[in-house]
Amino acid sequence: MPPSPQRVTLSLVGLAAVGASLWVAFEQPYTIWPWLLLLVGLGCAILAQRMA
Numbered sequence: 675m676p677p678s679p680q681r682v683t684l685s686l687v688g689l690a691a692v693g694a695s696l697w698v699a700f701e702q703p704y705t706i707w708p709w710l711l712l713l714v715g716l717g718c719a720i721l722a723q724r725m726a
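Each residue of the sequence shown is one higher than the last, beginning at 675 in the working numbering.
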């Protein structure tokens with residue numbers, strides 16, 4: 675059974691948030707933004723798993 679479109683969207687948003695977190699961490703290493711973006715990515719991953 676293929677994943678639902680909402681689950682795929684959440685996974686892609688989470689992946690984009692983690693990628694943005696890495697980019698921001700190299701641009702501004704001493705701010706809170708990379709950690710906040712990682713939390714968004716983690717939240718998307720958890721929500722995508724619960725939608726099963």
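Glycine is no exception: its CB is placed at the ideal position from the N, C-alpha and C atoms.
Query, Result
"With burial defined as no fewer than 16 other Cβ atoms inside 10 Å of the residue's Cβ, what is the status of Gly-688: buried or exposed?", "buried"
"When you compare only the Cα positions, how much space is there between Trp-709 and Ser-695?", "7 Å"
"Are the beta-carbon atoms belonging to Ser-685 and Cys-718 less than 8 Å from one another?", "yes"
"With a threshold of 8 Å on Cβ separation, who are the neighbours of Val-698 within its own chain once the five nearest residues in sequence on each side are excluded?", "Thr-705, Trp-707, Pro-708 and Leu-711"
"I need the DSSP call for Ser-685, collapsed to helix, strand or coil.", "helix"
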